[in-house]
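Here's the structure we're looking at; comments come further down.
Numbering (this note's numbering), first residue to last: 61 to 1304.
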């Protein structure tokens, strides 16, 4: 049907039936039809609207009359309703008026019944609430009067009994809510009381501690009479010994730390008497009742730990006075006394484990504090009082059950500090005594004065007793004063041993060690400084030598004195010996050396006023005035030497004559002196004749024949050569042992002849020597020129520098050139040495000795070398004065060579004697080859023979063992290596090889060590980089200062067998005896670890580049050869310069004059070109021990950087002498060494 409707009717029907919001799509369809569809739709829509309007109009007309009728009916109903309303209202009013009285009576009845019921209920509830209110009131009252524990009980009753009955009421809820608050209030109040208590005991802990320490002191005083009875002999010996020194002084008394009048009569107070502990008990009880006991315990312990840290923190100025230490100890004792009381009175508030833990923490802190602050103490009396305080402190806490062994161990460390302060104090006393001395013999006018002197000093001389008064004792006033002060030092050192619970033997040992330090360090240093003072003249030096002789003799009386006061016999096995003998011997040697030096200085003063006329035509026939004055001075001086030992006087006289001869020779050869006339030569000859006459007059008795005149033999032969003009004899006999002019050096003769030649040219007068040539001046000139030419042929030396030139020289050993050593060196060292061998013999010996420096051998030496280096450095750090680095380095290297390479086991005295003998040998290696009394060669031979005698005993002992165990030293390696190469060394070869080993390592390694220390001092950044490298390889922490004890390389006297042994034990023996001093240290530094220190290796190389120990060497040309375009004739001397080559090599990138270890880093490895860098030489004669030398230098650097810091003791750096061995001029590198404070460890 929808399809039959026209389209527009369908759309209109759809619009009428569709919701207005959805009519859009329908309307849109109107526009989708034909173009005129819209117009037709609008027309259709208008027609539809008109139809609807007509239908609405018809409907309204139909219903109008019905509506009007309905309105009329409604109006009638309203009028009737109003009438009904009036009637109802009236009726209602009448009813209400009638029921008002009934309602009022009913309401009154209801109200009375409700009130009756409420009263009954209230009475019942009040009977339940009244007990609750009474208990709560009681609780408030208990809180007000601070009966907190009762209040807690009341609260418990309220909660468990009363409040549950009336819990429904609001006031009960309020009470229930308030009870926890009240509990917290009680906890807070009790905790506040506890805090007040903790603050109180913190403030009063020093008083508690002081009281406790007084009680400990009283108890110690009570037990003192018993101890005195046990030690009656000990005390009597002390008194007797004391009275021998000064009868006017009282018996030794020890200072008491705490003194109180009538202390035995005082009431003994305890911690509970001084402190009210009730807050602690109350708080503990309250917290326990509340179930928070653990919380309280933790709080208490935490607070006490904090207080412990505060108590253990010392004041910065504590070390200045004993009161500072006393307050510190009193506070600590007070703290632990309180804790001990709490431990024993309370149940579980603190435990023994807790107090032990707290004490261990405190003890570590106390020890660290005392170590630090005691190190600041420079007053020995303060250190002694500190020791007494520590003893009382330890005894007090030990009485309360705390372990104090570590405190007594600390006292031994403080004892060393005490000894150091004593040494410093006595150093000042010794200096004052020396300053006040007049260095004249002590005059005694009568017997009483004599007894007074000998009561102070044990002087015994029967011959002197026979002399009549007045007379003079040989020593000066300082000798008895020094002796008295040494005894005073022993007494002062003895004071520290009291109360340390040590045996008499241990005390005796401590006294002897302390006295040894006084003698060998303090007194020795004071004597050495005294001798070096400029105002000390020859007379004073002579008296010093006499004084030291008597002090040396008094050493045995000092040993008796120590034995008497300790009651220990000197024959006891473990009794140490005093080293005073060596101290005074060293002082005498130094004084003797200073006498020689001052004599030479005085001679130089006379020489400086010499005023020769070098152009005079002829002499006036008289000796020069300055020389006669000089000779008179020497005569008067040597007369003063009558009291000196004969050998000292003879040596001084010989030294003076030799110096005079040398000075006169230098005057002739002075480069500023250009010409000399023959008249001046004659005048000079007259002066030398006077010198010879003085020498022949025996100014000092004891010389044999013309020994003293030999000092002038060089001058005499030179002057005879010119006076006689005997050039033909000189040139013909040159080099022969029987030559008349054997002592005339061709270089010296050439220099003087050229000066005479120039003088003759400029002189208008003709010398009588040339009278036969007056007619022909050309012949005279020709004669002189011929002599000059021949002399020059005798002194020709070629100086070679540059890598290529040196390469040819060093690689040409045995073919082009041969090693060249002075004749004296060959005589002293012997013919069986490596340096004296040539050709196949040299190759064979080098192969044998190579085993000494193999890797296995170096690994065995290394730990012991490290230990020796560490001990030497510790000695340097302990020295209060400055260290002469070169001398100390020589001591170190000699110790390494003798003790480790050769395995010699020496006592310190033996070591010093051996070192002194060896130095005498080295000093004369390059002397003139004249074997006459007092000559350098004779001294060198004497020293060599003494060394050979010593070495022969040591080698024989080693050969007797005939063991096949592991090799432990160089002698073992040499003997076994020789056997492996089919050669058995004779005893002479072994002795010479041993001495050669020491010689090779002695000066050069000492020189390199000195240069290393100097350059590290100048370049602290390099030192820091070494330290960083050691840290990165975990080697820095391991290099610690050795603990106190005997030197590791000295022989400890334990048995007769050990005392006789001169060599280290074998490896098997070392395993049996773990106490061997030079055994390898566990996990020590080895070669592999050293090889990883690349920067340190660069530093060592740069040190040897800048300051090579040896400046160069000499060779003799075996044939004529060409070098860099120049002909080197056969027989000429070739001197190659290591230093110049290092300074001119172009391969180095950074400036050659600077110290730059980085030039040898990986980026600059070409800098170590084979012959650009030759500190150890090269070719067949390169240093065979260079690996050992480098290892020693690295170990020295490691120990230095890890354990010490050093600073210059002089205003400026010393001048370095570069020939023949690099070293500071006059041993001028003086440094102060200080130990690092932390575990070897703190930054320097």
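Note that CB positions come from ideal geometry on N, CA and C, so glycine has one too.
Reference residue i, options the options, closest by Cα
i: residue 776; options: 813, 732 and 724; result: 724
i: residue 620; options: 648, 584, 582 and 572; result: 572
i: residue 1251; options: 976, 764 and 919; result: 919
i: residue 732; options: 676, 811, 760 and 705; result: 811
i: residue 917; options: 879, 953 and 963; result: 963
i: residue 337; options: 961, 409 and 751; result: 409
i: residue 578; options: 639, 531 and 559; result: 639
i: residue 818; options: 496, 736, 404 and 599; result: 736
i: residue 376; options: 360, 436 and 106; result: 436
i: residue 469; options: 497, 426 and 384; result: 426
i: residue 1005; options: 889, 215 and 217; result: 889
i: residue 1246; options: 915, 656 and 770; result: 915
i: residue 1296; options: 1244, 591 and 936; result: 936
Reduced DSSP category for residue i - H, G, I as helix; E, B as strand; rest coil
i: residue 643; result: helix
i: residue 1207; result: coil
i: residue 885; result: helix
i: residue 820; result: helix
i: residue 524; result: helix
i: residue 1291; result: strand
i: residue 359; result: helix
i: residue 85; result: helix
i: residue 240; result: helix
i: residue 787; result: helix
i: residue 611; result: helix
Cβ-Cβ distance between residue i and residue j below 8 Å
i: residue 1066; j: residue 949; result: yes
i: residue 1010; j: residue 912; result: no
i: residue 1202; j: residue 1169; result: no
i: residue 695; j: residue 594; result: no
i: residue 276; j: residue 459; result: yes
i: residue 574; j: residue 646; result: no
i: residue 399; j: residue 364; result: yes
i: residue 1284; j: residue 1171; result: no
i: residue 714; j: residue 768; result: yes
i: residue 340; j: residue 254; result: yes
i: residue 1073; j: residue 871; result: no
i: residue 676; j: residue 740; result: yes
i: residue 1071; j: residue 987; result: no
i: residue 961; j: residue 1030; result: yes
Boundaries of the alpha helix (DSSP H) in which residue i is found, first to last residue
i: residue 803; result: Here residue 803 belongs to no alpha helix (DSSP H), and DSSP marks it neither H nor E.
i: residue 141; result: 97-204
i: residue 749; result: 738-756
i: residue 390; result: 382-405
i: residue 1080; result: 1080-1092
i: residue 508; result: 507-516
Enclosing beta strand (DSSP E) for residue i [first to last residue]
i: residue 936; result: Residue 936 -> not in any beta strand (DSSP E); alpha helix (DSSP H) instead, spanning 915-938.
i: residue 1176; result: 1172-1177
i: residue 440; result: Run containing residue 440: none in the beta strand (DSSP E); it sits in the alpha helix (DSSP H), 440-459.
i: residue 543; result: Where residue 543 is concerned, there is no enclosing beta strand (DSSP E), although the alpha helix (DSSP H) it sits in stretches over 538-555.
i: residue 1167; result: Premise fails: residue 1167 is in no beta strand (DSSP E) and is neither H nor E.
i: residue 1197; result: 1193-1197
Segment contact flag, the stretch 428-445 with the stretch 474-488, C-beta cutoff 8 Å, min 3 pairs:
Verdict: yes, contact present.
Count Cβ pairs between the stretch 346-365 and the stretch 247-255 that sit closer than 8 Å; are there 3 or more?
A contact exists between the stretch 346-365 and the stretch 247-255.
Is there contact here, the stretch 528-544 with the stretch 495-509, by at least three beta-carbon pairs under 8 Å?
With a cut-off of 8 Å, the stretch 495-509 and the stretch 528-544 count as touching, because enough Cβ pairs lie within range.
Flag this pair as touching only if the stretch 1276-1288 and the stretch 1174-1183 have three or more C-beta atom pairs under 8 Å; answer yes or no.
Taking 8 Å as the limit for Cβ pairs, the verdict is that the stretch 1174-1183 does not touch the stretch 1276-1288.
Okay, do the stretch 253-272 and the stretch 390-406 touch, 3+ Cβ pairs below 8 Å being the bar?
Yes, the stretch 253-272 touches the stretch 390-406.
For the stretch 1146-1155 against the stretch 1085-1097, do three or more pairs of beta-carbon atoms, one drawn from each stretch, fall closer than 8 Å, so that the two count as touching?
Yes: at least three Cβ pairs fall under 8 Å.
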